[in-house]
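Start counting the sequence shown at 1; every next residue gets the next number (full-length UniProt numbering).
All C-beta atoms in this analysis are idealised placements derived from N, C-alpha and C, irrespective of residue type, glycine included.
Here the structure is laid out as C-alpha cells; the discussion comes afterwards.
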Amino acid sequence: MKVGIDLIHFATADYYLGLDTFAEEKQTELDKYIVGIGQEKMSIAPPDEDIVSLAAKAAAPILEKIDASQISAVLFATETSVDQSKSAGVFLHGLLELPSRCRVVEFKHACYAGAAALQMATTMVKANHKEKILVIAADIAKYDVDTSGEATQGCGAVAMLVSANPRIIEIESGSGYYTDDVMDFWRPNNRTTALVDGKYSTKVYLNSLKHAWQHFVEETGRKFEDIDYFCYHIPFTKMAEKAHKTLVKKVAASVTQEQFDKQTLPSQVYNRIVGNSYSASLFVGFISLLDNVKDNLAGKRVSFFSYGSGCVAEFFSGIIQPGYEKVLMTGDHLRQIEQRQPLSYQQYLDYYHNQETLPENIIFPQTNKGPYRLAGIDDHKRYYEKTT
Ligand code: HMG
Numbered sequence: 001m002k003v004g005i006d007l008i009h010f011a012t013a014d015y016y017l018g019l020d021t022f023a024e025e026k027q028t029e030l031d032k033y034i035v036g037i038g039q040e041k042m043s044i045a046p047p048d049e050d051i052v053s054l055a056a057k058a059a060a061p062i063l064e065k066i067d068a069s070q071i072s073a074v075l076f077a078t079e080t081s082v083d084q085s086k087s088a089g090v091f092l093h094g095l096l097e098l099p100s101r102c103r104v105v106e107f108k109h110a111c112y113a114g115a116a117a118l119q120m121a122t123t124m125v126k127a128n129h130k131e132k133i134l135v136i137a138a139d140i141a142k143y144d145v146d147t148s149g150e151a152t153q154g155c156g157a158v159a160m161l162v163s164a165n166p167r168i169i170e171i172e173s174g175s176g177y178y179t180d181d182v183m184d185f186w187r188p189n190n191r192t193t194a195l196v197d198g199k200y201s202t203k204v205y206l207n208s209l210k211h212a213w214q215h216f217v218e219e220t221g222r223k224f225e226d227i228d229y230f231c232y233h234i235p236f237t238k239m240a241e242k243a244h245k246t247l248v249k250k251v252a253a254s255v256t257q258e259q260f261d262k263q264t265l266p267s268q269v270y271n272r273i274v275g276n277s278y279s280a281s282l283f284v285g286f287i288s289l290l291d292n293v294k295d296n297l298a299g300k301r302v303s304f305f306s307y308g309s310g311c312v313a314e315f316f317s318g319i320i321q322p323g324y325e326k327v328l329m330t331g332d333h334l335r336q337i338e339q340r341q342p343l344s345y346q347q348y349l350d351y352y353h354n355q356e357t358l359p360e361n362i363i364f365p366q367t368n369k370g371p372y373r374l375a376g377i378d379d380h381k382r383y384y385e386k387t388t
C-alpha cells in the first residue's frame, strides 16, 4: 500500500519586508541579497500572528476537503514554540475543533523536525492504514537586529495530510540520515532570537548533505540520475544552489546549466519571497515545485534534503502520483503571497520588538488579517480566535 502526502497547503503572514527596503536601511548593495543570498522578501508576522495561527491558516483548507473527524493524530513540528509544556498542536486542535480521539504531540529539532514528523506519520500509517495524520511544520525565523542572519528571516506554516493511497506523493521507503553534535545555530530557552555562526552553519549543512546522501544511496540503491527534482532545506535560496552544486560534484554527474536549473529552481520560487520558515521551509519548497512546474509531474521522483542545525539531516524521496494537479491549492498560495502588504523598516521593527517580551496580560489589536489570530494573553494563558 502506498503511503504519503494526500493534501498539502501552506500559509504565511500578511506582511513582508522587501530586501530592497532592508538594503537601503543598512546601506548595503541590494545585489548582496538578490544575488548573493538569493532572497527578495521576508514574510513578517505581526504581534497577533504566531505559529498556531499560521498553522490553523495552513490546515483549515485541508480540513474543509475531508471528513475532519477522521484525523487520528496531529504531529506539530516547530522550533518557535509558544509554551514549554503544552504542545502547539493542542492549541491548534482546539482552534480547529478536531476530534478528541486524536493524539497530539510537538516535534523539535531545528529545521529538521518537519521531516521527522512526516517520516513518523508515514510509519504510523504503514502500521495502521486507517490513520489520517495532520502533519504541521510552522516557524517564525527571527535573528537579532544588525546581525548577519537578519536578512534571512521569514515565516510560514505547511500542513500535510498523510494517509494511505495519497493523491500527491508517495513517500518511498528508505532514507539516509546523519547527526553531529555541533553549535552552528541554537536558541537558548531565555531568548526569542536565534544565535548563529553563519558561515560555519553553511559548511555544516553541506557536510551533512554529503553524509546523508551517501547513506541514502547505500540504503536505497537509488542514484542521482534516478531523481528528477531536488528539494533542499532553504534558509535562503543560494544555499539550495550551493547544496546542489555540492551533490553534483560529489557524484561527478555531468549536468548542463539548463538541467541544473530545471532540477532546482522551481522549488525556490516561493522561498525567495517568503524567507526562511525553518521546519516548514523544505515543504514550502516542495509546494513551490508542485505549483510552478507546468509539465505533468506524475511519476517523477522528487528528493527531499532536510537539514536542522545542531545538527540532524535526512535525505529521502517520493513519487508524484497521477492526478496530483487536481488537488493542488495553487490559487490560494498565490493569492496569499500577492496580497501581503509591504512594511517600512520602522514598521518591521515595531512588530519585531512588540513580540520580544509579551506581558502576562495583553489584548492584541487585530493586525493579522485572519482567518485565525492570537487574540490575547490573560494570566499567562494564550487565547486564539477565528476571525472570518
Ligand atoms: P553575510 O556575512 O551577511 O554575507 O552572511 P556574505 O558577506 O558572506 O555574503 C553572502 C554572499 O553574497 C557571498 O557569496 C558574497 O560573495 C555575496 P558566497 O561567498 O556565499 O557565494 N555578495 C554579493 N553578491 C553579489 N553582489 C554583491 C554581493 N555582496 C556579497 N554586491 C550568511 C551570509 C548566510 C552567513 C548569513 O545570512 C547568516 O548568518 N544567515 C543565517 C544562518 C543560515 O541561514 N545558515 C544556513 C545554513 S544553516 C541552516 O540552514 C539551518 C537554519 O535554517 C536553522 C535551523 O536549522 O533551524 C538556519
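Mapping the DSSP letters down to three states, classify G198 as helix, strand or coil.
Counted from its first residue, the sequence shown places residue 198 at position 198. In the structure shown, G198 sits in a helix (DSSP, three-state: H, G or I).
Tell me whether V35 counts as near ligand 1, meaning its Cβ is closer than 7 Å to at least one heavy atom of that ligand.
The count along the sequence shown starts at 1 and reaches residue 35 at position 35. Yes; taking the cut-off as 7 Å, the Cβ of V35 has a heavy atom of ligand 1 nearer than that.
Apply the 10 Å Cβ neighbour rule to H129 and answer buried if 16 or more other Cβ atoms are within range, or exposed otherwise.
Taking the first residue of the sequence shown as position 1, residue 129 is located at position 129. By the neighbour-count rule (16 or more Cβ atoms within 10 Å), H129 is not buried but exposed.
Where Y348 and I140 are concerned, what is the direct C-alpha to C-alpha distance, given to the nearest angstrom?
Walking along the sequence shown from the start, residue 348 turns up at place 348. Walking along the sequence shown from the start, residue 140 turns up at place 140. Distance between the alpha carbons of Y348 and I140 is about 14 Å.
Threshold first: 3 residues or longer. Then list the beta strand (DSSP E) segments lying entirely within the stretch 40 to 96, N to C.
41 to 44 and 73 to 77
Could you say if the stretch 7 to 23 and the stretch 179 to 188 meet the contact criterion of at least three C-beta pairs nearer than 8 Å?
no
N- and C-terminal bounds of the beta strand (DSSP E) containing L16
Position 16 of the sequence shown, counted from the first residue, corresponds to residue 16. Per the sequence shown, the amino acid found at residue 16 is Tyr instead of Leu. Looking at the DSSP string, the run of the beta strand (DSSP E) that includes Y16 is Y15 to G18.
Alpha carbon to alpha carbon, what distance is there between Q366 and D180?
What you label residue 180 is simply residue 180 of the sequence shown in a count that begins at 1. What you label residue 366 is simply residue 366 of the sequence shown in a count that begins at 1. Straight-line Cα distance between these residues: approximately 43 Å.
Note down, in chain order, each residue of its chain lying with its Cβ closer than 6 Å to the Cβ of F316, except the 5 sequence neighbours on either side.
Locating residue 316 in the sequence shown gives position 316, counting from the first residue. Excluding positions up to five away in sequence, the list reads S175 and F304.
Can you list the beta strand (DSSP E) stretches of 3 or more residues lying completely in the stretch 186 to 238, in chain order?
229 to 232
Beta carbon of E131, beta carbon of G4: below 8 Å?
Start at 1 with the first residue of the sequence shown, and residue 131 comes out as number 131. Start at 1 with the first residue of the sequence shown, and residue 4 comes out as number 4. Taking 8 Å as the Cβ cut-off, E131 and G4 do not qualify as a contacting pair.
Suppose contacts are defined by Cβ-Cβ distances below 8 Å. Is Y177 in contact with E314 by that definition?
Counted from its first residue, the sequence shown places residue 177 at position 177. Counted from its first residue, the sequence shown places residue 314 at position 314. For Y177 and E314, yes; Cβs fall inside 8 Å.
Taking C-alpha atoms, which residue in T152, H380, T122 and D379 lies nearest to V274?
As a working note, residue 274 is residue 274 in the sequence shown. The shortest C-alpha separation from V274 is found at T152.
How should E49 be labelled, buried or exposed, when 16 other C-beta atoms within 10 angstroms of its C-beta is the threshold for buried?
In the sequence shown, counting from the first residue as 1, residue 49 sits at position 49. With 16 or more Cβ atoms within 10 Å of its Cβ, E49 is classed as buried.
Closer than 8 Å is the cut-off here; do at least three beta carbon pairs connect the stretch 318 to 337 with the stretch 245 to 262?
no
Residues in its own chain within less than 8 Å of I377 by CB, not counting five upstream and five downstream?
In the sequence shown, residue 377 corresponds to position 377, counting from 1. Around I377: L358, P359, E360, N361, I362 and Y383.
Which stretch, first to last residue, makes up the alpha helix (DSSP H) that contains L134?
Along the sequence shown, read from residue 1 onward, the residue named residue 134 stands at position 134. Taken as a continuous stretch (DSSP letters only), L134 belongs to no alpha helix (DSSP H), being part of the beta strand (DSSP E) at I133 to A141.
Determine contact between the stretch 94 to 102 and the stretch 50 to 62, defined as no fewer than three beta-carbon pairs at a distance below 8 Å.
yes
Measuring straight from C-alpha to C-alpha, what distance separates M42 and I34?
Translated into the one-based positions of the sequence shown, residue 42 becomes position 42. Translated into the one-based positions of the sequence shown, residue 34 becomes position 34. If I take the Cα positions, the gap works out to 12 Å.
What did DSSP end up calling R335 once you bin it into helix, strand or coil?
As a first step, residue 335 must be located in the sequence shown, where it is residue number 335. Residue state, collapsed to three classes: helix.
Are there any heavy atoms of ligand 1 lying less than 7 Å away from the beta-carbon of M183, as far as the coordinates show?
Sequence index remark: in the sequence shown, residue 183 carries index 183 (1-based). Checking every heavy atom of ligand 1 against the Cβ of M183, none is found closer than 7 Å.
Among S100, T220 and E172, which one has its Cα closest to the Cα of M1?
Working through the sequence shown from its first residue, we reach residue 1 at position 1. The candidate whose alpha carbon is nearest that of M1 is E172.
Go ahead and pull the three-state DSSP assignment for M160.
Within the sequence shown, the letter at position 160 stands for residue 160. In the structure shown, M160 sits in a strand (DSSP, three-state: E or B).
Given the structure, does M239 come close to ligand 1, in the sense that its CB is under 7 Å from one of the ligand's heavy atoms?
Indexing the sequence shown from 1 puts residue 239 at position 239. M239 Cβ: within cutoff of ligand 1.
Can the beta-carbon of Q214 be found less than 8 Å from the beta-carbon of D14?
Counted from its first residue, the sequence shown places residue 214 at position 214. Counted from its first residue, the sequence shown places residue 14 at position 14. Going by C-beta atoms, Q214 is not nearer than 8 Å to D14.
Which same chain residues end up closer than 6 Å to D31 when comparing Cβ atoms and leaving out the 5 residues on each side of it in sequence?
Along the sequence shown, one-based indexing puts residue 31 at 31. So no residue of the chain qualifies.
Residue range of the unbroken alpha helix (DSSP H) whose run includes A298:
Walking along the sequence shown from the start, residue 298 turns up at place 298. That residue, A298, is in no alpha helix (DSSP H); it is neither H nor E in DSSP.
Using CA coordinates, which residue listed in H109, Q84 and G318 is at the minimum distance from K300?
Position 300 of the sequence shown, counting from 1, holds the residue named residue 300. Of the listed residues, the one whose Cα sits closest to K300 is G318.
Between C111 and S306, which are expected to be in contact by the criterion C-beta below 8 Å, what is the C-beta distance as a whole number of angstroms?
In the sequence shown, the residue the question calls residue 111 occupies position 111. In the sequence shown, the residue the question calls residue 306 occupies position 306. Right, their Cβ atoms sit about 7 Å apart.
Hey, would you say I287 sits closer than 8 Å to V158, going by beta carbons?
Taking the sequence shown and counting its residues from 1, one reaches residue 287 at position 287. Taking the sequence shown and counting its residues from 1, one reaches residue 158 at position 158. Cβ atoms of I287 and V158: closer than 8 Å.
G275, enclosing alpha helix (DSSP H) - first and last residue:
Position 275 of the sequence shown holds residue 275. Where G275 is concerned, there is no enclosing alpha helix (DSSP H), given that its DSSP letter is neither H nor E.
Beta-carbon proximity of V182 to V125, cut-off 8 Å
To locate residue 182, count along the sequence shown from 1; it is residue 182. To locate residue 125, count along the sequence shown from 1; it is residue 125. Taking 8 Å as the Cβ cut-off, V182 and V125 do not qualify as a contacting pair.
In its own chain, which residues sit with a C-beta less than 6 Å from the C-beta of T193, not counting the 5 before and 5 after it?
Stepping through the sequence shown from its first residue, residue 193 is reached at position 193. Hits under 6 Å: K142, Y143 and D144.
Helix, strand or coil for K9? Go by DSSP, reduced to three states.
Working through the sequence shown from its first residue, we reach residue 9 at position 9. According to the sequence as given, residue 9 is His; it is not Lys. Note: H9 maps to strand in three-state DSSP.
If you reduce the DSSP assignment to three classes, tell me which class H129 lands in.
Locating residue 129 in the sequence shown gives position 129, counting from the first residue. Correct three-state label for H129: coil.
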